[in-house]
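> In terms of full-length UniProt numbering, the sequence shown opens at residue 1 and continues consecutively. All C-beta atoms, glycine included, are put in the ideal place defined by N, C-alpha and C.
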Amino acid sequence: MRIALFEPEIAGNVGNVMRLGACMGVGVDLIEPLGFPWDDRRVRRAAMDYIDHVEVVRHANFDAFREARAGCRLVLFTTRATSSSYDFEYRPDDILLFGKESAGVTDAVRAEVDASVRLPMKPEVRSLNLATSAGLALGEALRQTGQLPG
1 MRIALFEPEI
11 AGNVGNVMRL
21 GACMGVGVDL
31 IEPLGFPWDD
41 RRVRRAAMDY
51 IDHVEVVRHA
61 NFDAFREARA
71 GCRLVLFTTR
81 ATSSSYDFEY
91 RPDDILLFGK
101 ESAGVTDAVR
111 AEVDASVRLP
121 MKPEVRSLNL
131 ATSAGLALGE
141 ALRQTGQLPG
């Protein structure tokens, strides 16, 4: 299982997702362009020393990502979906995809995914933080597939 971030804009979110990946034993794919310089120290500050315990792969664009991860099921987490992420049946080799903080994913990317799900939340709020969403999603996916560490 992996986490993929489509054109993430906030270094701190990427660092926190990298820390999540390190703690839960999953790799992280970053689909460029990034909204910040990669050498930004905020990424390292958020990821802390966990950065050395996670596999991070950067992809030049979505097409390069899809080519590198061909054959894997791509599950998009989006507020536009109607199906709950807790009713979805995950597979051990799924890639959990999250869009950029300001706009999600493009329509072209949305058309390429294998499934779209939504994290349940109160209707009067817009969205969860990216790293929080990834944590909730990954925890359920790993629980269902028997891959929780420890």
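Can you grab the Cα-Cα spacing for the pair P149 / A111, in whole Å?
Here the question's residue 149 lines up with position 149 in the sequence shown. Here the question's residue 111 lines up with position 111 in the sequence shown. Cα to Cα, P149 sits roughly 33 Å from A111.
> Does A4 come out as helix, strand or coil in the three-state DSSP assignment?
By one-based count along the sequence shown, residue 4 stands at place 4. Correct three-state label for A4: strand.
> Are T79 and S133 touching if we call contact CB-CB under 7 Å?
Indexing the sequence shown from 1 puts residue 79 at position 79. Indexing the sequence shown from 1 puts residue 133 at position 133. Their beta carbons are not under 7 Å apart, which means T79 does not touch S133 by this criterion.
> Within 10 angstroms of its Cβ, does Y90 collect 16 or more other Cβ (buried), or is it exposed?
Numbered from its first residue, the sequence shown carries residue 90 at position 90. Buried: at least 16 other Cβ atoms inside 10 Å.
> What are the boundary residues of the alpha helix (DSSP H) that includes G15?
As a first step, residue 15 must be located in the sequence shown, where it is residue number 15. Segment 11-24, the alpha helix (DSSP H) holding G15.
> Sorted by chain position, which residues of the same chain lie with C-beta nearer than 7 Å to A70's C-beta, five sequence neighbours on each side aside?
Here residue 70 refers to the residue found at position 70 of the sequence shown. Result list for A70: empty, nothing under 7 Å.
> Tell me the residue span of the alpha helix (DSSP H) that contains A131.
Taking the sequence shown and counting its residues from 1, one reaches residue 131 at position 131. Counting along the chain, the alpha helix (DSSP H) containing A131 begins and ends at 130-144.
> On a CA-only basis, which of I95, D29, D94, A64 is nearest V14? Give me that one, please.
Residue mapping note: residue 14 aligns to position 14 of the sequence shown, counting from 1. The shortest C-alpha separation from V14 is found at D29.
> Identify, in the order they occur along the chain, each residue of the same chain with its Cβ nearer than 7 Å to the Cβ of A60, setting aside the five sequence neighbours on each side.
Here residue 60 refers to the residue found at position 60 when the sequence shown is read from its first residue. Result list for A60: E32, in chain order.
> From the DSSP output, which residues share a beta bridge with D98?
For this step, residue 98 is matched to residue 98 along the sequence shown. Rather than Asp, the amino acid found at residue 98 in this sequence is Phe. Its beta-bridge partners are L5, F77.
> Would residue 151 and R41 be called neighbours here (beta carbons separated by less than 7 Å)?
Missing from the structure shown is residue 151; the chain here goes from 1 to 150 and no further.
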